[in-house]
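Peer 1: In the numbering used here, the protein residues as written are 1371 to 1434. All C-beta atoms, glycine included, are put in the ideal place defined by N, C-alpha and C.
Spelled out as structure tokens, the structure:
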């Protein structure tokens, strides 16, 4: 399985591991299929949503 990084877009992350969707949805990122998910990095999306990127990355790593 591909290593997921905070520089990846949400779309790239979901293609690498679709199971991460539940983590993102639980964190409040409900627009996984919208254009922003294809163009902004996970780190940028976390900032927009007021989320701690390190905590989010830890939760994602537990899914992988």
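Return the CA-CA distance between residue 1424 and residue 1412, expressed in angstroms with no decimal places.
Peer 2: Position 54 of the chain shown, counted from the first residue, corresponds to residue 1424. Position 42 of the chain shown, counted from the first residue, corresponds to residue 1412. Between residue 1424 and residue 1412, the C-alpha separation is close to 11 Å.
Peer 1: The alpha helix (DSSP H) spanning residue 1374 covers which residue range?
Peer 2: Position 4 of the chain shown holds residue 1374. Residue 1374 -> no alpha helix (DSSP H), and no H or E assigned at all.
Peer 1: Indicate whether residue 1426 and residue 1416 have their beta-carbon atoms separated by less than 7 Å.
Peer 2: For the purposes of this step, residue 1426 is identified with residue 56 of the chain shown, where counting begins at 1. For the purposes of this step, residue 1416 is identified with residue 46 of the chain shown, where counting begins at 1. Yes. Within cutoff.
Peer 1: May I have the straight-line CA-CA distance separating residue 1399 from residue 1392, to the nearest angstrom?
Peer 2: Position 29 of the chain shown, counted from the start, is the residue given in the question as residue 1399. Position 22 of the chain shown, counted from the start, is the residue given in the question as residue 1392. Cα-Cα distance, rounded: 10 Å.
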